[in-house]
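Enquirer: Residues 5 to 235 in my numbering are what the sequence shown spells out, letter by letter. From the three backbone atoms N, C-alpha and C, an ideal C-beta is built for every residue, glycine too. On a predicted model such as this, the values are computed, not experimentally measured, just so you know. Here it is, the structure in full.
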Amino acid sequence: MVQHGVTRVTTGGRVGEDIFAVFEAAKGFMPADEGRALHAAAVEAAATTGLPLLEIGTYCGRSTLLLADAARAAGTVVVTVDHHRGSEEQQPGQEFEDEDLADPEFPGRMDTLPHFRRTLAKAGLEEYVVAVVGRSPQAASALDGGGGGRFGLVFIDGGHTDEHANADYESWVPQLAAGGLLAIHDVFPDPAEGGQAPYRIWRRALATGGFAEVSACRSLRVLRRTGATGA
Ligand SMILES: C[S@@+](CC[C@H](N)C(=O)[O-])C[C@H]1O[C@@H](n2cnc3c(N)ncnc32)[C@H](O)[C@@H]1O
């Protein structure tokens, strides 16, 4: 992962190309080409299904705003889930620590929630986002009341351990509509390039026989659900 986003963008109400300017300025780990691929997938999923989009791993909103822009264009919303305390590798002293994200009231903890809110405000997209602050499996369990097939796109970019990636897969993929898109970030077939947990859930999805490959842009992989809902 590479940490992006140090420049400040001060105007709001952005659409179209300006979305990518806010994206570039936001803190986060997704490079520009993968961001454009994610945006294209989200635009297609929102337009074809008309259903809300779902993101696991909000962080500071860098990827969220792309999903929000796609949701806005289709008259729907993105639901984004994060406990906002950071993944293992983002904690103090770890490889992807960012001292700007330290919680001023709780030493040793990080808090990305205020940064996320500012990113959305700068993009002018707050009204197209439903933010869920909590742990992914608990959020999925609490929001499961409508049954399967409620989301047009599920984007998995939360915790990168096998435990978290599998929990995200099992919690949320059953809620992806038939014909909807499953996007997974940090899929690295070569272990020398990165951790293997996202790669393993990407393979898990393909092994079900219920998904077809749609696109690959570096580590961002997009699959279409061709079979019935279910993990
Ligand atoms: C790699 S970052 C997400 C990056 C973001 N999608 C972007 O492109 O900028 C992973 C995020 O997942 C969150 N996370 C990790 N495990 C989680 C869990 N079990 N439940 C909720 N959020 C979790 C972390 O707090 C962190 O903000």
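At a threshold of 7 Å, does Gly163 count as lining ligand 1 (C-beta to nearest heavy atom)?
Expert: As a first step, residue 163 is located in the sequence shown; it is residue number 159 there, counting from the start. Checking the Cβ of Gly163 against ligand 1 gives yes.
Enquirer: By a C-beta neighbour count over all protein chains shown, 10 Å radius and 16 as the cutoff for buried, is Thr230 buried or exposed?
Expert: Position 226 of the sequence shown, counted from the first residue, corresponds to residue 230. With fewer than 16 Cβ atoms within 10 Å of its Cβ, Thr230 is classed as exposed.
Enquirer: If distances are taken between C-alpha atoms only, which option among Leu227, Ala36, Asp104, Ser219 comes closest to Leu157?
Expert: Reading the sequence shown from its first residue, position 153 is the one you call residue 157. The shortest Cα separation from Leu157 among Leu227, Ala36, Asp104, Ser219 belongs to Leu227.
Enquirer: Does the beta-carbon of Cys64, which I'm using as the reference point, lie nearer than 7 Å to any heavy atom of ligand 1?
Expert: If you number the sequence shown from 1, residue 64 lands on position 60. Within the cutoff, so yes.
Enquirer: Can you tell me whether Val10 is buried or exposed? The criterion is at least 16 other CB atoms within 10 Å of its CB, across all chains shown.
Expert: Here residue 10 is taken as the residue at index 6 of the sequence shown, counted from 1. Here the model assigns Val10 a pLDDT of 31, short of 50, so the residue's position is not dependable, and the following value carries that caveat. Exposed is the call here.
Enquirer: Got a sec? Which residues, its chain only, sit under 7 Å from Ala49 by beta carbon, not counting five neighbours each side?
Expert: As a working mapping, residue 49 is identified with position 45 in the sequence shown. The residues are Leu57, Gly156, Leu157, Gly184, Leu185.
Enquirer: Does Ser219 come out as helix, strand or coil in the three-state DSSP assignment?
Expert: Within the sequence shown, the letter at position 215 stands for residue 219. If DSSP states are grouped into helix, strand and coil, Ser219 belongs with the strands.
Enquirer: Give the range of the beta strand (DSSP E) segment to which Val191 is assigned.
Expert: Locating residue 191 in the sequence shown gives position 187, counting from the first residue. Unbroken run through Val191: none, as it is neither H nor E.
Enquirer: Going by beta carbon distance, what residues of the same chain come within less than 6 Å of Tyr63, once the five residues before and after it are set aside?
Expert: Here residue 63 refers to the residue found at position 59 when the sequence shown is read from its first residue. The answer, listed in chain order, is Gly32, Thr116.
Enquirer: Excluding sequence positions up to five away, which residues of its chain have a Cβ less than 6 Å from the Cβ of Val191?
Expert: Numbered from its first residue, the sequence shown carries residue 191 at position 187. Result list for Val191: Pro202, Tyr203, Trp206, Ser223, Arg225, in chain order.
Enquirer: Across which residues does DSSP place Thr84 in a beta bridge pair?
Expert: For this step, residue 84 is matched to residue 80 along the sequence shown. Answer is Glu59, Ala135, bridged to Thr84.
Enquirer: Using DSSP bridges, identify the partner residues of Ala106.
Expert: The residue labelled residue 106 in the question sits at position 102 within the sequence shown. Partner(s): Met114.
Enquirer: If we require 3 or more residues per run, which beta strand (DSSP E) segments fall completely within the region 141-174?
Expert: 155-160, all fully within the region 141-174.
Enquirer: Let me check one thing: in DSSP terms, what residues is Arg228 bridge-paired to?
Expert: As a working mapping, residue 228 is identified with position 224 in the sequence shown. Its beta-bridge partners are Leu185, Ala216.
Enquirer: With which residues is Leu180 paired in a DSSP beta bridge?
Expert: In the sequence shown, the residue the question calls residue 180 occupies position 176. Leu180 pairs with Phe155.
Enquirer: At a cut-off of 7 Å, would you count Asp86 as near ligand 1, judging by its Cβ distance to the nearest heavy atom?
Expert: In the sequence shown, counting from the first residue as 1, residue 86 sits at position 82. The answer is yes for Asp86.
Enquirer: Just how far apart, CA to CA, sit Ala106 and Met34?
Expert: Taking the sequence shown and counting its residues from 1, one reaches residue 106 at position 102. Taking the sequence shown and counting its residues from 1, one reaches residue 34 at position 30. Computed Cα separation, rounded: 21 Å.
Enquirer: Could you tell me the boundaries of the alpha helix (DSSP H) in which Pro202 lies?
Expert: For the purposes of this step, residue 202 is taken as residue 198 along the sequence shown, with counting starting at 1. First-last of the alpha helix (DSSP H) with Pro202: 201-211.
Enquirer: If you measure between the beta carbons of Ile60 and Gly162, is that distance less than 8 Å?
Expert: Counted from its first residue, the sequence shown places residue 60 at position 56. Counted from its first residue, the sequence shown places residue 162 at position 158. Yes, Cβ-Cβ distance for Ile60 and Gly162 is below 8 Å.
Enquirer: So what's Glu99 in DSSP terms, helix, strand or just coil?
Expert: Looking up residue 99 in the sequence shown gives position 95. Coil at Glu99, not helix or strand.
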